[in-house]
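All remarks here apply to the structure that follows.
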Amino acid sequence: MDELGNGGDALAAPDAAGEEGPQTTIWSELNAWGKSIADWQRYIISHAVRDGTLTDARVEEAYRLFLRDRELDNGDEKLPDVPDSVTGRVDAEGTPLALRAIKSLKNVNAIPEVSQIIFGPQLTVIYGHNGAGKSGFARIFSCACFSRSSPQIIRNIYDDQARDAPATAQFVVDRGNGFDEDIAFTDGDEHDDLKRVSVFDSYVARIHLGKENELGFQPAGFDVFDEAVRAIGLITERLEAAIHARTRPNKFDQLFADPGPVAVEIAALNAKSDTAELRGLATFGDAEKERLDEVARQEQELLTKSPVETLKALAIAKTDIETLQK
0 MDELGNGGDA
10 LAAPDAAGEE
20 GPQTTIWSEL
30 NAWGKSIADW
40 QRYIISHAVR
50 DGTLTDARVE
60 EAYRLFLRDR
70 ELDNGDEKLP
80 DVPDSVTGRV
90 DAEGTPLALR
100 AIKSLKNVNA
110 IPEVSQIIFG
120 PQLTVIYGHN
130 GAGKSGFARI
140 FSCACFSRSS
150 PQIIRNIYDD
160 QARDAPATAQ
170 FVVDRGNGFD
180 EDIAFTDGDE
190 HDDLKRVSVF
200 DSYVARIHLG
210 KENELGFQPA
220 GFDVFDEAVR
230 AIGLITERLE
240 AAIHARTRPN
250 KFDQLFADPG
260 PVAVEIAALN
270 AKSDTAELRG
280 LATFGDAEKE
290 RLDEVARQEQ
300 ELLTKSPVET
310 LKALAIAKTD
320 IETLQK
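For the sequence shown, position 286 (counting from the first letter as 1) is numbered 285 according to numbering that gives the first Met the number 0, and the numbering increases by one without interruption.
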């Protein structure tokens, strides 16, 4: 199965014609919504659109963005780049856009740089033997244009002299004025005009035909929300684990032998405790000084009083009580 097509002998070219007038689509709605949400949320939605499923590394990056948004990190860590646009597509323009050709491929598998594909005004069918390069062209289309897949493009592994550099290509487009215009593309970049071209390849087909899915209809693009819910659930688990790791038992109540307002507040100490009220309880004023002086006086009296005299006084008190009982 080729990346674009039905088998080894046929390849259907992507629809390269742009819309003639502005239209509201799920993608334009996602772009508009993405402008109103936090960076970490837009990061999740963006990669759900681009990749279909967020990897563990992507979820971890979204978690770091969440911590920065809530001011829960150190504030000096390098964060991943957040796409400005959820889909990478600009709003539909009034001018048409047609993809005329692709040429000058470099570091795209073993495809020679002189290879090119010229698209007809209607349908273009590409065929060839296995290993001829059909899938290589499909991969560069998926990376450059709007696609739900993000294939990895590998350089020519049979050429020891090949540079380990990103794949590049030249796309030729017509904006409806009859003139061809070259657009230079480097793998990893996003070009607004190229994102107007939609690519549907066998990767997306395998999701629908090969995976176990519940029988039902879901409009294109709505699977983004399912993936967003899954990613947010994983972020929630990471946050709960971090909270549990940082939770320590409160041992400060052991400092108080007798109950009192301060002891009660310290025993119930938590993140929601009123710091202003705690500072008020910590105030040492005239009343506290008088109480401390009284305690000191009683302590000194106990220290200076002879134990023998205390025992005699207690014996006399006992005798008086016994006398009263007779």
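Every residue, glycine too, gets a C-beta built ideally from N, C-alpha and C.
Report all residues from its chain with a CB closer than 6 Å to the CB of Arg47; omit the five preceding and five following residues, and keep chain order.
Sequence check: residue 47 is Ala here, not Arg. If we look at Ala47 and ignore the five residues flanking it on each side, its Cβ neighbours are Val223, Glu226, Ala227.
Which two residues bound the contiguous beta strand (DSSP E) that contains Leu98?
97 to 105
For my contact list, Gly132 and Ile110 are in at a C-beta cut-off of 8 Å; report their separation, rounded to the angstrom. 5 Å
Query - Endpoints, the beta strand (DSSP E) within which Gln169 is located - result: Looking at the DSSP string, the run of the beta strand (DSSP E) that includes Gln169 is 167 to 173.
- Given that a residue counts as buried once 16 or more other Cβ atoms are within 10 Å of its Cβ, and exposed if not, what is Ile265? So Ile265 counts as buried.
| said: Closest to Phe140 by C-alpha separation, out of Lys102, Arg162, Glu276, would be which residue? | reply: Lys102
Give the secondary structure of Asp192 by DSSP, where H, G and I count as helix, E and B as strand, and everything else as coil.
coil
| Helix, strand or coil: which one does DSSP assign to Ile152? | coil
Provide the residue span of the alpha helix (DSSP H) that contains Ile182, from first to last. Per DSSP, Ile182 belongs to no alpha helix (DSSP H); it is in the beta strand (DSSP E), 179 to 185.
### Identified DSSP bridge partners for Phe251
None; Phe251 has no bridge partner.
What separation, rounded to the nearest whole angstrom, lies between the Cα atoms of Val113 and Gln40?
43 Å
- Touch check for the region 135 to 152 and the region 187 to 199: three-plus C-beta pairs under 8 Å? Three or more Cβ pairs closer than 8 Å define a contact, and the region 135 to 152 meets that threshold against the region 187 to 199.
*Once you ignore the five residues that flank Gly17 on each side, which residues in its own chain have a CB closer than 6 Å to its CB?*
The pLDDT assigned to Gly17 is 45, lower than 50, so where the model puts this residue is not dependable; a value taken from the coordinates is nonetheless given after this. Same-chain partners within the cutoff: Pro95, Leu96, Arg195.
task: Could you tell me whether the Cβ atoms of Leu326 and Arg63 are closer together than 8 Å?
output: With the chain running from 0 to 325 in the structure shown, residue 326 is simply not present.
For the alpha helix (DSSP H) holding Phe65, just list the boundary residues, first then last.
-> 55 to 68
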